[in-house]
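A.B. asks: So the protein sequences, as listed, match chains A and B.
To convert, note that position 26 of the first sequence is 26 in the numbering used here; the numbers rise steadily by one, no gaps.
To convert, note that position 129 of the second sequence is 1129 in the numbering used here; the numbers rise steadily by one, no gaps.
Right, I'll just put the structure down here and ask away after.
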Amino acid sequence: MTPRSHLQQLEAESIHIMREVVAECQRPVLLYSIGKDSSVLLRLAQKAFYPGPVPFPLLHIDTSYKFKEMIDFRDRYTAELGLNLIVHTNRAALNEGANPFVWGTQRCCGGLKTTALLDGLRNGGFDAAIGGARRDEERSRAKERVFSFRDQRGQWDPRNQRPELWNIFNTRIHPGESLRVFPLSNWTELDVWQYIHAENIPIVPLYFAKPRLMLERGDSLLPVEQPFVPHLPGEEPKLVKCRMRSLGCSPCTGAIRSDADTVPLIIEELVTMRRSERQNRVIDHDQDGSMEIKKQEGYF
Amino acid sequence: MATLLAPSESFSAFLDREKGKDLLRFTTAGSVDDGKSTLIGRLLYDSRSVYDDQLESVTKASAGRNAGAIDFSLLTDGLRAEREQGITIDVAYRYFATPRRKFIIADTPGHEQYTRNMVTGASTAELAIVLVDARKGVLVQSRRHSYIAGLLGIERVVIAVNKMDLVGYDETVFTAIEKDFRAILARFPHIEPYFVPVSALAGDNIVTRSANMPWFTGPSLLEHLETVPVGSRVLSAAFRFPVQRVVRPNQEFRGYAGTIVSGSVRPGDPVTILPSGRETSVASIVTFDGNQESASAGQAVTLTLSQEIDLSRGDFIVSSHQLPFKSHGVTATLVWLNEKPADLGKRYRIKHASRLDWATLRHIDFRLNINTLEQEPIHTLEMNAIGQVTLETARVLCFDRYTENRVTGSFILIDPATNATVAAGMITGAAETGALAPLAGISWHVKDGALVLTSEQGFSTKPNSNGEPLAMEDPEALEALRQMLRRLRIAPFTTTAESDFEI
C-alpha cells in the first residue's frame, strides 16, 4: 500500500481535531473570518460530521471595515451551506470613532477585534472557539498548541500551555476558562491553496487578480474602500491589476500586483514568491513581537 | 521557495506531483550550543522556505545582538520572551518542503530540564536528528537523546556530527564519534542510525554534498530525509478504531466516527466491539466523498456496522482476528511533565485514545536515571523524570503495548483539580491483579444468567446505606458495573461472600 499524501494526512488530522472538540466541549463555535483558511475549515467541518450537519454555529467578528466582497461572500456561502452564522460587532468602539487612522492600528485592533472577540465568545457562552490560524504564519505561532488554553479573562500565557503529545488532546477546563482550537496548525499556506485546488473550495473573489482601484504608495497598494483612508497630496486612486494574499480589514490590508486569476496561477505565484503571506498586514509589524503581545491579550 | 519547482518541469506536472507527495515528521534534539537552531535555520533557508521579509526581520534583529551576517538561529527563535533570554523554552513546529517531500520539524530544546519537550516533540515524529558537536564528541546527553527516541518508538535516528569546519573537516574525528555513538546505540537494537558529518553554519552536507569532506560519500542530510521510508508499519498492524463520536443524524443512520489508528478495513470484515466483546461486521465505510471500498491507518471515516449494537465514545472497534489486551491494570513507562510531583495513590484522569477515565497511580516501580539509564529505587517522579509505574483504571482498558501501537499504547494523565496534563505514558503490559490493591482478587463470571463476583477476602458483610458493598467504594467502578449489567440485561446477581446485594 502506498503511503497517503500529505494533504490527505493533514485533512484526516484536522477532521480528528474537530470531532474531538465536538465530543468533549460543551459549546463550541467556529470563528469564521471569511478568508481562505476559513473556507477550508468549513469544508473540513462538513467532512468531519457527514452525514450529519455541522454541529456548531459560526461567529464572525465584524469590524465593519471588511471588504464588501467579503461580506457578500460570507452571507451567500454560509446560507448556501445552511450554517448558523452569528455576527458580532463592537458598536460602542465604533460609536467612539474607532478606525485605524484615528486610533492607530494597535488600539483599533484591540477594540474592534480583541474586545469584540472576547465579548462575542462570552455572549454566546462558548467554551471552545475553532480558528484557522496556522503555525507557519508567524513566529510566535510556531509554538502554539492545537488546543490552546485561555484563562478566565480569555488571555494566553505562553508559559501555561499544556504539553501536547501524540494526538491526545486535553480539553478539560474549569467554568469560565476556554479553549482556542486550531485544526490547521500543521498546514502551510501552500497546503491550504493545494487543498482549495484539489477540493474546488469556493473563496472570496478578492484573492483573484483583476484591475482594482488602489492607492500606490511606494511598494504598497492600498485599497480605497473606506472614505477615511487619507490620501497624500496629489495621490489619486488608479486601476491596478492586483489581488489580496490574505484578507483583513480593507484599510490595513495591502494588495499585491499579480496576474494570478485562477487557483493554479495563485499556487504558481506562491512557489516563486519571495514575500511571506502576512507581510501585507500592517498590524503584524507595528512592533517587534507584536503578534505575541496581541495573543497574550486575547487576540487570535 | 523556488526549489519546489524543478527547472525543467511544467507547472501542471508540478501540481500532479504535489498531490502524491508524502510527509515526514521529524524531531531534533541537541544541547545548548551544538548549533541546532542554526541547522534548522539552514534547512529552511537552503530549501528556500524563508521569505525575504522574514530574512530582513532576522537580519534587523541581529544588529541589536550580534551585528553581522544572517543569524540562522534567529529564524527559529519564536517568542520575544525567549529571544531576550537567548534560549528556547518550548517545542516549536517548522515546515518546509522539497520537490520530493513535505517536512514537519518538531524543534525541541535539549537541556536536561526539558526532557518533557523532547518527549513531546518525539511523540509525533518518525525520525530524530541528534546533534553532536564535533569538538566535544559523544556526551552524556547523547545517551539521553537516543533513549528518548527509542522510548517514543522512533526507529530512524540521524546522528549529525556538527561543526566539522571547526575540526578541519577531519575524517578521524567523525569516525571516532561514530564509533562511540554506535556503542551507545548497542542498547537500542531497533534504532537504525545514519551518521553524517555536517557544518550547519557553513552549509556542508546539509543540502548538497560537501566538497570539504570528499572522504564522506553518503547522502547529505536533506537527501537522507527525502528518501528515508515512512509510515509503513501502522498499515500492516492490526485494525484498531477508537470511536470518537456516535453519528446519528436521523432514525435511519447510525455510524461511528473516528480515525483508523492502524491496519485497514473493508465492508464485511469481522470486528469486535470493546470492551463489551460483542462481535459483528463492518457494513460500510462512509465519508463526505462517498462510501469507500476500503480504508486504512490515518484515515478519518465513519463506520456503520451490520448489527445495531450499543456503542459509545471511547469504545474500540477492532479486528476480531487480533484482539488487544483488556485489563483494569497496566504497567507503563511514565514521563512526568508537571511541576507538582507524582502522587502515589492519587486518582488522575486518564485519556487513552478517545476514552476519558480515572486511573489510580498504584506503584512506582523505579525511576530511570536518564543519563546512565540505570534503574533507581526511587518511588517518586518529579518534573522531567521517567519511571516505570503501575496504574489501575476505573473501567476496563483495552490497549496494545506501545512498542506495537503508538496510539492504543499511549495515554496522558490529567490532574483532576488543575486540569493540567501531568504525565505521558507508554504502556508496557497488563498489570497482574495482585498489584491492584482495592480490587485484589475480585473476579467475575456469569452463571445461570447471573453475574457472580468472587473475592479472595470476601466482601464486607455490611453494605453501606445505599446497599453498595464496601469493597467497591469506587463510584466510577460501580457505575461501570451498573452499566455493564444493564447492557448484559442481567438482573440480580449474587456474590460468594456472606451478604447478597443488589446493584
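The C-beta atom is built at its ideal place from N, Cα and C for all residues, glycine as well.
Quick one: what does DSSP say residue 242 (chain A) is sitting in, helix, strand or coil?
C.D. replies: Looking at residue 242 (chain A) - three-state DSSP - the assignment turns out to be strand.
A.B. asks: Put residue 1188 (chain B) into one of helix, strand or coil per three-state DSSP.
C.D. replies: The answer is coil: DSSP assigns residue 1188 (chain B) none of H, G, I, E or B.
A.B. asks: Can you check which of these residues, B:1179, B:1137, B:1276 and B:1185, is closest to residue 1154 (chain B) by C-alpha distance?
C.D. replies: Nearest of B:1179, B:1137, B:1276 and B:1185 to residue 1154 (chain B), Cα basis: B:1185.
A.B. asks: For residue 1215 (chain B), count the other beta carbons within 10 Å of its own beta carbon; 16 or more makes it buried, fewer makes it exposed. Which is it?
C.D. replies: Exposed, because fewer than 16 other Cβ atoms sit within 10 Å of the Cβ of residue 1215 (chain B).
A.B. asks: Determine the burial state of residue 91 (chain A): buried for a count of at least 16 other Cβ atoms within 10 Å of its Cβ, exposed for fewer.
C.D. replies: Looking at its Cβ environment, which holds fewer than 16 other Cβ atoms inside 10 Å, residue 91 (chain A) is exposed.
A.B. asks: Against residue 9 (chain A), what residues of chain B qualify as contacts under a CB-to-CB distance less than 7 Å, listed in chain order?
C.D. replies: Simply 1023 and 1298.
A.B. asks: Give the C-beta separation of residue 1028 (chain B) and residue 1107 (chain B) to the nearest angstrom, bearing in mind that I take them to be a contact with Cβ-Cβ under 8 Å.
C.D. replies: Indeed, because the Cβ distance is near 6 Å, the residues count as touching under 8 Å.
A.B. asks: If you draw a straight line from the alpha carbon of residue 1419 (chain B) to that of residue 1200 (chain B), how long is it in whole angstroms?
C.D. replies: Looking at the two C-alpha atoms, the distance is approximately 41 Å.
A.B. asks: For residue 1502 (chain B) and residue 1254 (chain B), I'd like the C-alpha separation in whole angstroms.
C.D. replies: Because the pLDDT at residue 1502 (chain B) is just 39, under 50, the model does not fix this residue reliably, and the value given afterwards should be weighed accordingly. One C-alpha to the other measures close to 33 Å.
A.B. asks: Within 10 Å of its beta-carbon, does residue 180 (chain A) have 16 or more other beta-carbons around it, so buried, or fewer, so exposed?
C.D. replies: That one is buried.
A.B. asks: Mapping DSSP to helix, strand and coil, what is residue 1197 (chain B)?
C.D. replies: Residue 1197 (chain B): strand per DSSP, three-state reduction.
A.B. asks: With a Cβ-Cβ cutoff of 7 Å, do residue 1311 (chain B) and residue 1285 (chain B) count as a contact?
C.D. replies: Result no, Cβ atoms of residue 1311 (chain B) and residue 1285 (chain B) do not sit closer than 7 Å.
A.B. asks: If you draw a straight line from the alpha carbon of residue 37 (chain A) to that of residue 60 (chain A), how long is it in whole angstroms?
C.D. replies: The alpha-carbon atoms of residue 37 (chain A) and residue 60 (chain A) are separated by roughly 14 Å.
A.B. asks: May I ask you to verify whether the segment 161-176 of chain A touches the segment 195-212 of chain A, counting CB pairs closer than 8 Å and requiring at least 3?
C.D. replies: No contact exists between the segment 161-176 of chain A and the segment 195-212 of chain A.
A.B. asks: Residues of chain A with a CB under 7 Å from the CB of residue 1288 (chain B): which are they?
C.D. replies: Ordered by position in chain A, the residues that pass the 7 Å Cβ test against residue 1288 (chain B) are 46, 47 and 50.
A.B. asks: Going along the segment 1247-1277 of chain B in order, which residues come within less than 8 Å of chain A, judged by CB to CB distance?
C.D. replies: Answer in chain order: 1247, 1248, 1249, 1253, 1255, 1257, 1258, 1259 and 1264.
A.B. asks: Three or more C-beta pairs under 8 Å: does that hold for the segment 1399-1408 of chain B against the segment 1356-1376 of chain B?
C.D. replies: Verdict: no, contact absent.
A.B. asks: Excluding the five sequence neighbours on either side, which residues of its own chain have a C-beta within less than 6 Å of the C-beta of residue 1124 (chain B), listed in chain order?
C.D. replies: Counting only Cβ-Cβ distances below 6 Å, and skipping sequence neighbours, we find 1025.
A.B. asks: If you draw a straight line from the C-alpha of residue 15 (chain A) to the C-alpha of residue 1221 (chain B), how long is it?
C.D. replies: Going by the C-alpha atoms only, they are around 33 Å apart.
A.B. asks: For a minimum of 4 consecutive residues, which ranges assigned as the alpha helix (DSSP H) are wholly contained in the segment 108-142 of chain A?
C.D. replies: DSSP runs (the alpha helix (DSSP H)) wholly in the segment 108-142 of chain A: 116-124.
A.B. asks: Given a limit of 7 Å on CB to CB distance, which residues of the segment 105-135 of chain A reach chain B?
C.D. replies: Cβ contacts with chain B: 135.
A.B. asks: I'd like the list of long-range same chain contacts for residue 77 (chain A), defined as Cβ closer than 7 Å, with 5 residues on each side in sequence excluded.
C.D. replies: Answer for residue 77 (chain A): 202, listed in chain order.
A.B. asks: DSSP state of residue 1525 (chain B), grouped into three classes?
C.D. replies: Not covered by the structure: residue 1525 (chain B). The range shown for chain B is 1001 to 1503.
A.B. asks: Would DSSP call residue 1020 (chain B) helix, strand or coil?
C.D. replies: Residue state, collapsed to three classes: helix.
A.B. asks: Taking residue 22 (chain A) as the query, report the chain B residues whose CB atoms sit under 8 Å from its CB, ordered along the chain.
C.D. replies: Per Cβ cutoff of 8 Å: 1245.
A.B. asks: For residue 5 (chain A), return the contacting residues in chain B, with the cut-off set at a CB-CB distance below 7 Å.
C.D. replies: Result: 1019, 1020, 1021 and 1022.
A.B. asks: Less than 7 Å between the beta carbons of residue 1198 (chain B) and residue 1191 (chain B), yes or no?
C.D. replies: No. Outside cutoff.
A.B. asks: Short check: CB of residue 1391 (chain B) to CB of residue 1359 (chain B), under 7 Å?
C.D. replies: In contact: residue 1391 (chain B) and residue 1359 (chain B) (Cβ atoms closer than 7 Å).
A.B. asks: If the cut-off is 9 Å on Cβ atoms, which residues from the segment 75-105 of chain A count as contacting chain B, listed in chain order?
C.D. replies: Listed by position along the chain: nothing, the set is empty.
A.B. asks: Against chain B, with Cβ distances strictly below 7 Å, would residue 153 (chain A) count as a contact?
C.D. replies: No, no contact with chain B.
A.B. asks: Determine the contact status of residue 1271 (chain B) and residue 1317 (chain B), defining contact as a CB-CB distance below 7 Å.
C.D. replies: Going by C-beta atoms, residue 1271 (chain B) is nearer than 7 Å to residue 1317 (chain B).
A.B. asks: Would you call residue 13 (chain A) buried or exposed, if buried means 16 or more other Cβ atoms sit within 10 Å of its Cβ?
C.D. replies: Buried, because 16 or more other Cβ atoms sit within 10 Å of the Cβ of residue 13 (chain A).
A.B. asks: Answer yes or no: does any C-beta atom of chain B fall closer than 7 Å to that of residue 320 (chain A)?
C.D. replies: Because chain A here runs from 1 to 300, residue 320 (chain A) falls outside it and cannot be looked at.
A.B. asks: What is the rounded straight-line gap between the Cα of residue 127 (chain A) and the Cα of residue 195 (chain A)?
C.D. replies: So the alpha carbons of these two residues sit roughly 29 Å apart.
A.B. asks: Since residue 232 (chain A) and residue 224 (chain A) are thought to touch, with beta carbons under 8 Å apart, how far apart are those beta carbons, to the nearest angstrom?
C.D. replies: Going by Cβ atoms, the distance from residue 232 (chain A) to residue 224 (chain A) rounds to 12 Å, so no, they are not a contact pair.
A.B. asks: Out of curiosity, what's the CA-to-CA distance linking residue 93 (chain A) and residue 245 (chain A)?
C.D. replies: Taking the straight line joining both Cα atoms gives about 28 Å.
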